[in-house]
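In this note's numbering, each residue carries its 1-based index in the sequence shown increased by 235.
The beta carbon of each residue, even a glycine, is placed where N, CA and C say it ideally should be.
Taking it in order: structure first as structure tokens, then the write-up.
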Amino acid sequence: MHDVVVVGAGPAGSMAAWAAARAGCDVLILERRAEIGVPKQCAEGISARALREAEVPTDGPWIAQEIRRGILAVPSPDGLRTFEAEGVHGYVLERKLFDRWLAARAVEEGAELRLLTEARGVLREDGRVAGVKTSEGHVRAEVVIAADGIESRVGRSAGLVPPLKPDELCTCAQYEVVGRVRYEDAFTILFDPDRIPGGYAWTFPKGAGRANVGVGCRGRRPRRLLDELLRGPLSRLVEDARPVELNVGGVPVCGPLERTYDDGILVVGDAARQVNPLTGGGLNAALICGRIAGEVAAEAASEGDPSAARLKEYQERWEKELSETFEAAREAAEVAVSVSMEEVLEFLEGVEEDLEEVLRSAGVLERHWWG
Ligand SMILES: Cc1cc2nc3c(=O)[nH]c(=O)nc-3n(C[C@H](O)[C@H](O)[C@H](O)COP(=O)(O)OP(=O)(O)OC[C@H]3O[C@@H](n4cnc5c(N)ncnc54)[C@H](O)[C@@H]3O)c2cc1C
Numbered sequence: 236m237h238d239v240v241v242v243g244a245g246p247a248g249s250m251a252a253w254a255a256a257r258a259g260c261d262v263l264i265l266e267r268r269a270e271i272g273v274p275k276q277c278a279e280g281i282s283a284r285a286l287r288e289a290e291v292p293t294d295g296p297w298i299a300q301e302i303r304r305g306i307l308a309v310p311s312p313d314g315l316r317t318f319e320a321e322g323v324h325g326y327v328l329e330r331k332l333f334d335r336w337l338a339a340r341a342v343e344e345g346a347e348l349r350l351l352t353e354a355r356g357v358l359r360e361d362g363r364v365a366g367v368k369t370s371e372g373h374v375r376a377e378v379v380i381a382a383d384g385i386e387s388r389v390g391r392s393a394g395l396v397p398p399l400k401p402d403e404l405c406t407c408a409q410y411e412v413v414g415r416v417r418y419e420d421a422f423t424i425l426f427d428p429d430r431i432p433g434g435y436a437w438t439f440p441k442g443a444g445r446a447n448v449g450v451g452c453r454g455r456r457p458r459r460l461l462d463e464l465l466r467g468p469l470s471r472l473v474e475d476a477r478p479v480e481l482n483v484g485g486v487p488v489c490g491p492l493e494r495t496y497d498d499g500i501l502v503v504g505d506a507a508r509q510v511n512p513l514t515g516g517g518l519n520a521a522l523i524c525g526r527i528a529g530e531v532a533a534e535a536a537s538e539g540d541p542s543a544a545r546l547k548e549y550q551e552r553w554e555k556e557l558s559e560t561f562e563a564a565r566e567a568a569e570v571a572v573s574v575s576m577e578e579v580l581e582f583l584e585g586v587e588e589d590l591e592e593v594l595r596s597a598g599v600l601e602r603h604w605w606g
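Okay, structure coming up:
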């Protein structure tokens with residue numbers, strides 16, 4: 236019997252496992268893959284604040300590039316119009332190294348990691364979650380943390396994670412490319428509602444002429460769209476882009492689950508839909524919510540009280556940290572899906588001189604953790 240079993244060694248799971256192990260618990264992490272962080276399904280952008288709060292050093296090989304600016308690009312008759320906001324502080328990661336480092340930190344703290352072990356559902360005793368059924372047999376635990384990503388087999392089997400509806404999902408395609416990257420220190424967002432319905436394209440630089448170049452949208456085949464954009468407006472942001480890797484994946488943009496706990500179980504990260512509905516970014520929340528989940532699970536296990544009433548503290552704490560961010564992002568995302576190209580351009584031209592100030596005074600940079 237373990238104190239805490241964490242399903243999934245992504246950022247949310249490794250963060251939870253680290254926090255619980257640090258609190259002195261017996262922690263087991265189950266990961267279905269042989270290798271952590273592979274395949275990469277991410278543009279790898281993260282805020283400086285999230286790394287600071289997760290106590291992740293920024294001088295390791297998991298940092299590809301520091302970011303100091305955000306650039307909004309919109310198509311215009313003569314090419315691309317760009318609008319710049321200083322004051323953004325973040326990083327582009329090497330996710331394969333980052334995820335592995337986070338997992339190793341949890342193991343160093345005392346957690347046990349079992350690779351090639353797939354969780355198939357929750358184990359119930361006396362009506363409450365008491366562990367997980369895995370490809371290698373049953374594992375019992377005081378508290379299960381479902382950090383098993385967008386599919387969340389464990390969260391679904393616990394009855395906490397409903398299936399995503401089509402309009403709650405953004406589909407993404409991305410190439411890691413080598414090429415001539417126009418902005419080496421900026422996240423660049425290409426906003427083109429006519430061509431990219433309900434989404435945007437991006438270039439996130441990785442240093443030394445490398446970048447992640449991708450698109451996330453609703454309702455179109457993203458890879459075909461990405462190829463079109465690379466022949467069009469994206470070619471102005473990365474010239475002569477030559478792919479070295481293809482990444483595809485889905486992002487839940489419905490906002491967090493209303494309930495992320497039950498007797499004996501917590502749900503965290505993409506599994507809990509703790510993803511910014513405007514940007515599709517989930518790393519910031521995965522780290523902060525993962526840590527809270529690990530801390531609360533550890534306390535509940537050591538008190539011998541893994542009841543829903545005890546575990547509710549997890550939900551209260553992450554909501555205190557992030558519900559304002561999620562709500563503001565949800566409202567902004569609703570506007571973004573209905574706005575026309577002309578309206579976008581008119582707005583940006585109106586605030587061009589002081590875009591940073593406008594974003595800052597509206598609380599956008601702070602609320603989304605980029606300031
Ligand atoms: C194309 C794309 C670009 C993105 N870009 C960004 C970005 O730039 N910035 C950002 O913040 N977010 C981005 N995201 C979102 C971000 O990648 C996720 O929010 C983040 O990875 C969530 O972390 P997680 O730990 O919750 O889940 P995951 O990273 O998905 O980790 C889940 C882990 O659980 C394991 N697992 C799953 N099921 C089981 C099981 N049954 N048993 C055992 N193990 C299991 C998986 O193998 C995996 O290791 C992007 C997503 C996509 C698709």
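Euclidean distance between Cα positions of residue i and residue j
| i | j | result |
| --- | --- | --- |
| N482 | L461 | 11 Å |
| H324 | P487 | 24 Å |
| D313 | S470 | 14 Å |
| P401 | R453 | 8 Å |
| A354 | K368 | 6 Å |
| L513 | F318 | 19 Å |
| E266 | E577 | 47 Å |
| R391 | R459 | 32 Å |
| A443 | V412 | 11 Å |
| R375 | P274 | 29 Å |
| Y549 | R477 | 44 Å |
| D215 | D261 | This structure cannot settle anything about residue 215, because the visible part of the chain is limited to 236 through 606. |
| T352 | E344 | 21 Å |
| S370 | A299 | 36 Å |
| S311 | L583 | 12 Å |
| A365 | E377 | 6 Å |
| L522 | A289 | 6 Å |
| G243 | R363 | 21 Å |
| L607 | E556 | In the structure as shown, the chain begins at 236 and stops at 606. Residue 607 is therefore absent and cannot be evaluated. |
| G414 | A446 | 8 Å |
Three-state secondary structure assigned by DSSP to residue i
| i | result |
| --- | --- |
| T491 | Checking the sequence, you will find Pro at residue 491 rather than Thr. Looking at P491 - three-state DSSP - the assignment turns out to be coil, as it is neither helix nor strand. |
| E319 | strand |
| D475 | strand |
| F426 | coil |
| N511 | coil |
| S370 | coil |
| P440 | strand |
| Q409 | strand |
| L358 | strand |
| P541 | coil |
| R349 | strand |
| V309 | strand |
| Y496 | strand |
| L518 | helix |
| L557 | helix |
| S575 | coil |
| E377 | strand |
| L399 | coil |
| I264 | strand |
| G504 | helix |
| S607 | No answer is possible for residue 607: it lies beyond the span of the chain, which begins at 236 and ends at 606. |
Among the options, nearest to residue i - alpha-carbon criterion
| i | options | result |
| --- | --- | --- |
| P292 | I380, V378, K400 and L332 | L332 |
| S638 | A256, F426, G449 and L522 | Here the chain has residues from 236 to 606 only, and residue 638 is not among them. |
| L286 | A256, R303, A258 and Y326 | Y326 |
| L395 | E493, V479, R415 and G372 | E493 |
| I302 | L580, R388, D420 and V450 | D420 |
| R456 | G362, L404 and V412 | L404 |
| Y418 | V379, E474 and E279 | E474 |
| R388 | A507, A563 and R430 | A507 |
| T560 | S542, V531 and A520 | A520 |
| P440 | P428, T423, G433 and V531 | T423 |
| V510 | G372, D238, A564 and A532 | A564 |
| I527 | A255, V240, V239 and H237 | A255 |
| R340 | P246, Q276, S558 and A393 | P246 |
| G280 | L590, V242, L328 and I523 | L328 |
| S542 | R316, A251, D361 and Q276 | D361 |
| E587 | C277, L315, W253 and A320 | A320 |
| C489 | G243, L358, D497 and P398 | P398 |
| A568 | G433, N447, I380 and G259 | G433 |
| Y410 | A436, A393, R304 and G499 | A436 |
| E347 | R257, W297, P428 and R316 | R257 |
Minimum Cβ-Cβ distance from residue i to chain B less than 8 Å
| i | result |
| --- | --- |
| G414 | In the structure shown, chain B cannot be found, because there is only a single protein chain. |
Supposed contact pair residue j and residue i - C-beta distance, whole angstroms, cut 8 Å
| i | j | result |
| --- | --- | --- |
| G384 | G504 | 7 Å |
| G271 | D334 | One detail in the question is off: residue 271 reads as Ile in this sequence, not Gly. Correct: roughly 5 Å between the Cβ atoms. |
| E249 | L337 | At residue 249 the sequence reads Ser, which differs from the Glu that was named. Contact holds; Cβ gap of about 4 Å. |
| G449 | C407 | 6 Å |
| L350 | H373 | Their Cβ separation, rounded to whole angstroms, is 18 Å, which puts L350 and H373 out of contact at 8 Å. |
| A251 | V241 | 5 Å |
| T438 | L464 | Actually they do not touch by this definition, with Cβ atoms about 10 Å apart. |
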